[in-house]
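Enquirer: Below is the structure I would like to discuss, written out as structure tokens.
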């Protein structure tokens, strides 16, 4: 009755229990081990995932391979939430492993066709299915309107211009101003020309309806290549910047400086000399910043910022334009840790909440949900786990770090107003978004799903 | 036009007022005549009609003056000798409190205003704060004071009235404390449900209605979010206050501690599989953990009616199970077994993998154990090394189908039954300790 088990290398979770026959029923005296209930399966998946990630991090690819095989029996992109999460995480881990053979990796990805309409659709789906973007737009617009009170000429730089609804909402608010709408210019930045064309069309149409003098300047380029000086910001214009989930990509850098040198003195004599010669901003770009001497834990230490030259120069250029307000929306999670395991654990927690929230909001539209999971979340997970260096763009960081960065770059915090929160709350209310919450922290707002913070919004002005 | 219905009102008997005394609103004189006007009549602005030219007037006196223009004898309303029976009016809206004759209102103008305010359309809007009114006199009165005097709470809410400001402030502090308490509980409990902070209804109403400084931006409320039903914004401020605070229960009592949210994150980060850290193995640990999973699940199924656990809840549970003393082996086993599975390459493979395992587990421990915990000891790996002879280790090795000879041997069901028996009795205690 006890079969001589298959060779130990063939893997299935059953190999832990080699007395089991492969099929249930006959010969399986304890069905509760075979028919894993969803929760047990979920717990197994978590443990297996973390174990596998450990192997990948350690470079023991054989073990990782076994782990992946084992997980594959339990995970599925069509299963329950945990199964789907596991599917995307294992894909990401596998991707990372594959990069050990660059030729293989390139060959496998060589015939990938990226479909622009699909990408646009997925963004639209995320906007419609979850309230996060809508909330971000409401709060951003409110901050802009308040900062622009009394201004006659307003210029908005939109770092990711893809959703007309964002600005149409602003048009309506502006046109209802007692002093009438300002002369409005929006510079929209996006990588895809079609998206900007669509934006231009819709926005000009709406502005005409509302009788707002309006101009849309499209700029087709990647954010990192944006030359702010070419934006033709006119004197006398009041400038606002809207950054919704964009800034973190500027943290990508090829030079990964190891951040564990806590024991070495932060500043040596030669460095002191150099500091006096360079500006603080330049120094910031090159050195990791230790505000205080942290303890021996390396994870999520808010005091040490990863060096990010692109961010430094971008923020400096932005500050030189003297914007009246800049509203920054970012993912509230630390996916920029130096080690893979840090990122895996943080990402697990973050995306579990996102998957849960998406599931509860759109349980009745599985295809749309799957699209968002696969093409949006899945891609982000892949980037966080499988990529390094300049390729790893999804460098989410928590609000406390953004505050540090922006303050160091010379920006001062502009507290978000209560009215924005009221409007946001009303949005959640009128659309029956159950389980979502907005929390206020020091004048910034955090959007949460069931107590788990997911996105943060903060507003900044330039400090003289 | 008037259809007086002489329904007998049955209010509590009152002493006969010798002089005119103002009753409490809605507690009419028991002898009064109850008049029920239709909504149309009530809202009619010109009730007094000239019979000649049909022109309407708001007041009888004005009508009389007008009739003189038609060369009609104008009738002076004489003060009648008999005592005029007092008239009281009921609200035509059936669901209204004042529809009951015992709660009728004594003044015609009063009932008209009441009807407009409560059941009518708000046509008058304040320029400064977009607050809307149904009665013009209300609107005028408000406009005079709007923005003149403001009180501001720490949470940012504005008030024009001192009393409502004070009331709000009293509760505002309580809200801040309450939400701070709630979030610290949240980090440790499973399947934390959204405990909305229930504000006393009265307070919530006052607080919201008195926010004076809401600008007209509200009128530009998002209407173009495609796919969204247009969120009609009839009254920005006068919506059911309980609703406003219902689903987004964290404002106006804002969370002041940024620490709370980051704490909960750190918590989950640090509590994920601590199983890598190895402490001494106690006998029956493994079975405890396995059967507790089973009994956990059983109980949850019956409790939760088979509603699936969310991924976040699963992660929390995994973290908890990893962190309790009785469970370290559970995770450790899967970890260990994976490497032992390729035992056909036996010692060399094990040695190298054990080295890497301890390295990564050390890293992971440092990572995980922020809230205090011990770094892993190499004892995780002892179970795979021959020659270690503690009872616990041999027990677990047996369970995993590995005896001292390191080759997996088929596991006899009788042995499994033995373990299951040991485990199941302990399972319940595990369950109760981990379930809040």
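Residue numbers (the UniProt record's numbering), protein chains in the order written: chain V, 1 to 464; chain P, 1 to 436. For every residue, glycine included, the Cβ atom is placed at its ideal position computed from N, Cα and C.
DSSP three-state label for residue 433(V), please.
Expert: Residue 433(V) falls in the coil class under three-state DSSP.
Enquirer: Is residue 460(V) helix, strand or coil by DSSP?
Expert: Three-state DSSP puts residue 460(V) in a strand.
Enquirer: Rounding to the nearest angstrom, what Cα-Cα distance links residue 242(V) and residue 453(V) in this structure?
Expert: In a straight line, the C-alpha of residue 242(V) is about 21 Å away from that of residue 453(V).
Enquirer: Would you be able to state if there are at least three C-beta pairs under 8 Å between the segment 437-447 of chain V and the segment 456-464 of chain V?
Expert: At 8 Å Cβ cutoff, the stretches touch.
Enquirer: Once the 5 residues before and after residue 448(V) are set aside, which same chain residues still bring their CB inside 8 Å of it?
Expert: Excluding positions up to five away in sequence, the list reads 436, 437, 438, 439, 454.
Enquirer: Beta-carbon of residue 455(V) versus every beta-carbon of chain P: anything under 8 Å?
Expert: For residue 455(V), the answer is no, since every Cβ of chain P falls outside 8 Å of its Cβ.
Enquirer: Under the DSSP definition of a beta bridge, which residues are partnered with residue 489(V)?
Expert: Any answer about residue 489(V) is impossible in this case: the structure gives chain V only from 1 up to 464.
Enquirer: Please name the residue, chosen from 429(V), 421(V), 344(V), 413(V), that lies closest to residue 483(V) on a Cα-to-Cα basis.
Expert: Any answer about residue 483(V) is impossible in this case: the structure gives chain V only from 1 up to 464.
Enquirer: Near residue 63(P), what residues of its chain come up, given a Cβ to Cβ distance below 7 Å and the 5 sequence neighbours on each side ignored?
Expert: If we look at residue 63(P) and ignore the five residues flanking it on each side, its Cβ neighbours are 48, 50, 57.
Enquirer: In the DSSP assignment, what residue or residues form a beta bridge with residue 36(P)?
Expert: 90(P), per the DSSP bridge assignment.
Enquirer: Taking the alpha carbon of residue 311(P) as the point to measure from, which residue in 116(V), 330(V), 359(V) has its own alpha carbon closest?
Expert: Among 116(V), 330(V), 359(V), the Cα nearest to that of residue 311(P) belongs to 359(V).
Enquirer: Near residue 142(P), what residues of its chain come up, given a Cβ to Cβ distance below 8 Å and the 5 sequence neighbours on each side ignored?
Expert: Around residue 142(P): 126, 131, 133.
Enquirer: Assuming residue 74(V) and residue 45(V) are in contact, meaning their beta carbons sit under 8 Å apart, how far apart are those beta carbons, in whole angstroms?
Expert: Yes, residue 74(V) and residue 45(V) are in contact; Cβ-Cβ is about 5 Å, under 8 Å.
Enquirer: According to a CB-to-CB cut-off of less than 8 Å, which residues of the segment 307-321 of chain P neighbour chain V?
Expert: Under the 8 Å Cβ criterion, the segment 307-321 of chain P contributes 308, 309, 310, 311, 312, 314, 315, 317, 318, 321.
Enquirer: Any contact of the segment 171-186 of chain V with the segment 209-223 of chain V, i.e. 3+ C-beta pairs under 8 Å?
Expert: Touching, per the Cβ criterion.
Enquirer: So residue 463(V) and residue 425(V) are in contact, right, with Cβ under 8 Å, and what is the actual spacing, rounded?
Expert: The pair is not a contact, with the Cβ atoms about 30 Å apart (cut-off 8 Å).
Enquirer: By the 10 Å Cβ neighbour count, where 16 or more other Cβ atoms means buried, how is residue 212(P) classified, buried or exposed?
Expert: Per-residue confidence for residue 212(P) stands at a pLDDT of 39, beneath the threshold of 50, marking its modelled position as unreliable; the derived number appears in the next sentence. When all chains shown are included, residue 212(P) counts as buried.
Enquirer: Just to confirm my understanding: we take residue 167(V), look at its own chain, exclude 5 residues before and 5 after, and list those with CB closer than 7 Å. What are they?
Expert: Only 186, 203 meet the Cβ criterion.
Enquirer: Do you know offhand how far residue 429(V)'s Cα is from residue 129(V)'s?
Expert: Approximately 15 Å, taken between the alpha carbons.
Enquirer: Would you report the Cα separation of residue 147(P) and residue 156(P), rounded to the nearest angstrom?
Expert: Going from the Cα of residue 147(P) to the Cα of residue 156(P) covers about 15 Å.
Enquirer: List, in chain order, every chain V residue whose beta-carbon is nearer than 8 Å to that of residue 442(P).
Expert: Outside the shown range of chain P (1 to 436) lies residue 442(P), about which nothing can therefore be said.
Enquirer: I'd like to know if residue 46(V) contacts chain P, where contact means its C-beta is closer than 8 Å to some C-beta of that chain.
Expert: Interface residue, yes.
Enquirer: For chain P, find out if any of its Cβ atoms is closer than 8 Å to the Cβ of residue 43(V); answer yes or no.
Expert: For residue 43(V), the answer is yes, since a Cβ of chain P falls inside 8 Å of its Cβ.
Enquirer: Output yes if chain P places a C-beta closer than 8 Å to the C-beta of residue 85(V); else output no.
Expert: At least one chain P Cβ lies under 8 Å of residue 85(V).
Enquirer: Name the one or two DSSP bridge partners that residue 213(V) has.
Expert: Answer is none; residue 213(V) lacks a bridge partner.
Enquirer: Over the uninterrupted alpha helix (DSSP H) stretch that includes residue 72(V), give me the two end residues.
Expert: It spans 61-74 - the alpha helix (DSSP H) in which residue 72(V) sits, taken as one unbroken run.
Enquirer: For residue 452(V), go through chain P and note every residue whose CB falls closer than 7 Å to its CB, in chain order.
Expert: By Cβ distance, chain P contributes 312.
Enquirer: Using only alpha-carbon positions, find the residue among 218(V), 372(V), 157(V), 408(V) that is nearest to residue 308(V).
Expert: It is 408(V).
Enquirer: If contact is defined by three or more beta carbon pairs under 8 Å, each pair taking one atom from either stretch, is the segment 147-156 of chain V in contact with the segment 115-130 of chain V?
Expert: At 8 Å Cβ cutoff, the stretches do not touch.
Enquirer: Assuming residue 350(V) contacts residue 250(V) (C-beta within less than 8 Å), just tell me the rounded distance between them.
Expert: 20 Å between Cβ atoms; not a contact.
Enquirer: Are the C-beta atoms of residue 353(V) and some chain P residue less than 8 Å apart?
Expert: Yes, because at least one Cβ of chain P sits closer than 8 Å to the Cβ of residue 353(V).
Enquirer: Which residues in chain P sit within 9 Å of residue 356(V), going by Cβ to Cβ distance?
Expert: The contacting residues are 310, 311, 312, 313.
Enquirer: Starting from residue 81(V), find everything on chain P with Cβ-Cβ shorter than 7 Å and list it in chain order.
Expert: Per Cβ cutoff of 7 Å: 310, 311.
Enquirer: Under 8 Å, do residue 135(P) and residue 116(P) count as touching if we go by C-beta distance?
Expert: Yes, the Cβ-Cβ distance between residue 135(P) and residue 116(P) is below 8 Å.
Enquirer: Quick check: is the beta carbon of residue 65(V) nearer than 8 Å to any beta carbon in chain P?
Expert: Chain P, which has no Cβ nearer than 8 Å to the Cβ of residue 65(V), makes this no.
Enquirer: How is residue 194(V) classed by DSSP in three states: helix, strand or coil?
Expert: The answer is helix: DSSP assigns residue 194(V) an H, G or I state.
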